[in-house]
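So this is what it looks like as structure tokens:
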């Protein structure tokens, strides 16, 4: 679907909804051509292509809100039925207690450079070549077998609202994850991601994964307990996703975040500054508009350890009597592209400062015991290394990160100077990030007792 | 795409696919529709109506596997060509894929229903949700979040080996999340009943009673709860909700043959279980774990999988012995067995991969009270909030929400956040008795790339473990 078609479709849906008396309408159309190469045991398993089209409509009528979506663009003859179905049901939904209309334009959208590479519309051989390069690079470091995935996306996204927003942007993305294995338990993980084909670096991802898998094949002992720990880029992708997404205004209303009633208060050390910044040129998740039509903006969530704002759409903002922060998803406000400000330490210095500590390369499967208090645990993997005297001594197996969001943020004592743009397949909590490595004092690790 | 026009594409796609020199192809048209109601503290925040529909082709060419899909009738031809090209590209650099030999035919199945959940008026659903919310509101529970989801999945599958399967399954589920706050303390609970069939299934859930029970339990533990034992070996009884999750996480997932063979290594991971371990002891004779897609009314219900293979119950662990893995046709061929119909795709544009359906620990013949009577000192970890398990499915952790001390064969005071952090063999080997109070909860199991959430039941009775350690933090 071309973006002219998308806008045309959005206009017709908007007109139909308004003709039925809708107070507010927002129509979002996404057309995305996706490709993927999956590999395991150092060999390609499958090559996949799919076209994702998504038409989403938010309709408000008499303080009632409905969100209708379809992956198939309705044909002209069925458009009325598509809208009518939403209205039929919407009229039977009770009114909300708090409602405000969609933002009114005119809007001036930011221009973000470097977010579309037309070569990713058709890249197939390039992705297969990237897979081969990632595999070969990991094997060259000593990996015994290599698994992973290369993904590309290219298309456009348009939004039209009754508040006067009319915006379209083209996008492209490519990312790759490589997981190298030396035996069943010695693994390493590498990531590369970009908005353009040239920005993909399969060699680095493969080499880093292979190197860590080899390092992890030497096993050392470290008992469960509290240890100083450094969280490397992949681990930080998961953790920063949690730190940022917990700022959703709806989470606060649902008592599902430890940030409840913490605005203006210290939640971390002075080294912690977390910003939702969708305006970065070439940023993997940069975008110019939210789903209510507001131009996106840079929101400082935590500055110098102090919680500065929650993230809002118009409805959660109304609950808190503030303005939207342009983070509207359809129901949940969410961060777009989380960044953590770099510090002044090299990775080598962070290792030296750890004393006897732990480096955590990757973290997944993070689950909360209590969202309100922030207690959680996470599986750590792909290199959980004991460090002594600034050197990696070997891998510690069987540890689990068992911590609390606020305690982690309050024990950050060093931040690395190199930031990386990262994605993570396990993205239950957060968006892509730009993150440094961080070091945290007295981190709790647990292990199986039987 | 409307259902009729979508299904009419299957024959055309099949004809087009025959023109290619593929050793195998399959065509799957799939429509998934759902409506959802999201309620916070008794107020409907939003109503949603979602539809996903389209058609996919998977092809095997020179041992290479290619997949492509489209949601536009006018791109059917290019989609099939794309699948062929993808298969060709995979054949040049990939492993040689083979599929197990299966017998196929033409068949249909559906989930019987009396009242179509997609046709129930929204206001009736809202009233039902309010009836579930009210007991918690009346008890002063500070935050109540309910999400009701009604769905229908229609599949028309054909392949080049003569299979033609039409499936039509309706489902309903309601997720409930509660937060109780008292002073500086906060505690949370989560429950999710669900099933396939008509709207009438909600009557059997008696969810208002359960929410009242959970609310009272949350209040009681904030008032009277004491710290759970740490770092000691005691007897532990896990309740049905916990046992069901354990069956899913530490038997179901590690017995997925694609994990065992390494295909999921990049993300979800592999398995500590190896092909040679079939027949080996992994648990006590008291434990049998079944995965059964054919349970009528179950949330993970189907009678034929997304490769057209007829479903049957799978005894993954029988009396403590590893008995069977979960297979699709690719993994079955690689291990020299037949598929046991575990191939599922959650929407038209996803490849079918090895999945669970309804996984549960088979019930025993004693009551929960009898389990408790046999414990002189221990903990009844009845429900959980937090859990995770490593990517080999070996080392796992479950932290209790509702839990009680056991002393002298009787339940005593509530204990706060007991931690069961244990390896899979240690858990199953320590089981000495299984009760008969089998219960199921609905869940959405995540796996694959792009991610595929599929509906499943997790089930279990109360299970008694002898002398396991309780962990900390």
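Residue numbers (this note's numbering), protein chains in the order written: chain A, 740 to 1189; chain B, 1490 to 1962. Ideal placement from N, C-alpha and C gives every residue a C-beta, glycine not left out.
Residues of chain B with a Cβ closer than 9 Å to the Cβ of residue 1180 of chain A do not exist, since the nearest Cβ in that chain sits about 16 Å away. In chain order, 1755, 1756, 1757, 1938, 1940 make up the part of chain B whose C-beta sits under 9 Å from the C-beta of residue 1164 of chain A. Cβ-Cβ separation between residue 1819 of chain B and residue 1588 of chain B: approximately 6 Å, consistent with a contact (criterion under 8 Å).
For the set B:1828, B:1792, B:1709, the Cα lying nearest the Cα of residue 1901 of chain B is the one of B:1709.
At a cut-off of 9 Å between beta carbons, residue 1668 of chain B contacts chain A. Taking each of A:856, A:869, A:892, A:1006 in turn and checking the Cα distance to residue 945 of chain A, the smallest one comes out for A:869. DSSP places residue 1010 of chain A in no beta strand (DSSP E); its state is neither H nor E.
Only residues of its own chain outside the window of five on either side were considered, and among them 1589, 1591, 1796, 1798, 1816, 1817, 1818, 1821 have a CB closer than 7 Å to the CB of residue 1828 of chain B, listed in chain order.
One alpha carbon belongs to residue 1130 of chain A, the other to residue 1520 of chain B, and they sit about 55 Å apart. Annotation for residue 982 of chain A: the continuous alpha helix (DSSP H) segment containing it runs 972-984.
Boundaries of the alpha helix (DSSP H) around residue 866 of chain A: 864-880. Taking the Cα positions, residue 855 of chain A is about 57 Å away from residue 1893 of chain B. The residues 1593, in chain order, have a CB closer than 6 Å to that of residue 1651 of chain B in the same chain once the five nearest residues on each side in sequence are set aside. Residue contact with chain A for residue 1571 of chain B: present (Cβ-Cβ distance below 9 Å to some residue of chain A). In terms of Cα proximity to residue 1744 of chain B, the closest of B:1772, B:1763, B:1733 is B:1763. Distance from the CA atom of residue 980 of chain A to the CA atom of residue 890 of chain A, rounded to whole angstroms, is 21 Å. Around the beta carbon of residue 1563 of chain B, fewer than 16 other beta carbons lie within 10 angstroms, which makes this residue exposed.
For residue 952 of chain A, the closest alpha carbon among the candidates A:968, A:1101, A:1094 is that of A:1101. Within 10 angstroms of the beta-carbon of residue 1960 of chain B lie 16 or more other beta-carbons, which makes it buried. The residues 1024, 1025, 1026, 1035, 1075, 1076, in chain order, have a CB closer than 7 Å to that of residue 1017 of chain A in the same chain once the five nearest residues on each side in sequence are set aside. At a cut-off of 9 Å between beta-carbon atoms, residue 1944 of chain B makes no contact with chain A. Taking residue 805 of chain A as the centre and dropping the five residues before and after it, the same chain places the C-beta of 798, 825, 829 closer than 6 Å to its C-beta, in chain order. Taking the Cβ atoms as the reference, residue 1957 of chain B lies roughly 5 Å from residue 1725 of chain B, within the contact range of under 8 Å. In the DSSP assignment, residue 1722 of chain B forms a beta bridge with B:1958.
Under DSSP, residue 1849 of chain B forms a beta bridge with B:1779, B:1948. Of the candidates A:906, A:1065, A:780, the residue whose Cα lies closest to the Cα of residue 750 of chain A is A:906.
Here residue 1766 of chain B has 1811 as same chain residues with Cβ atoms under 7 Å from its own Cβ, once five neighbours each way along the sequence are excluded. Contact annotation for residue 1727 of chain B against chain A: no contact, minimum CB-CB distance about 14 Å [criterion: below 7 Å].
Annotated three-state conformation of residue 1621 of chain B is helix, per DSSP. For residue 1845 of chain B, the nearest beta carbon of chain A is not closer than 9 Å to its own beta carbon.
Of the candidates B:1755, B:1571, B:1953, B:1571 places its Cα closest to the Cα of residue 1550 of chain B. Among the residues facing chain B, residue 790 of chain A is included, as its CB has a counterpart in that chain under 9 Å away. C-alpha of residue 1178 of chain A to C-alpha of residue 1838 of chain B: approximately 41 Å in a straight line. Around the beta carbon of residue 900 of chain A, 16 or more other beta carbons lie within 10 angstroms, which makes this residue buried.
Within the region 1562-1631 of chain B, the complete beta strand (DSSP E) runs of at least 3 residues fall at 1595-1599.
In this chain, the alpha helix (DSSP H) harbouring residue 1503 of chain B covers 1492-1507.
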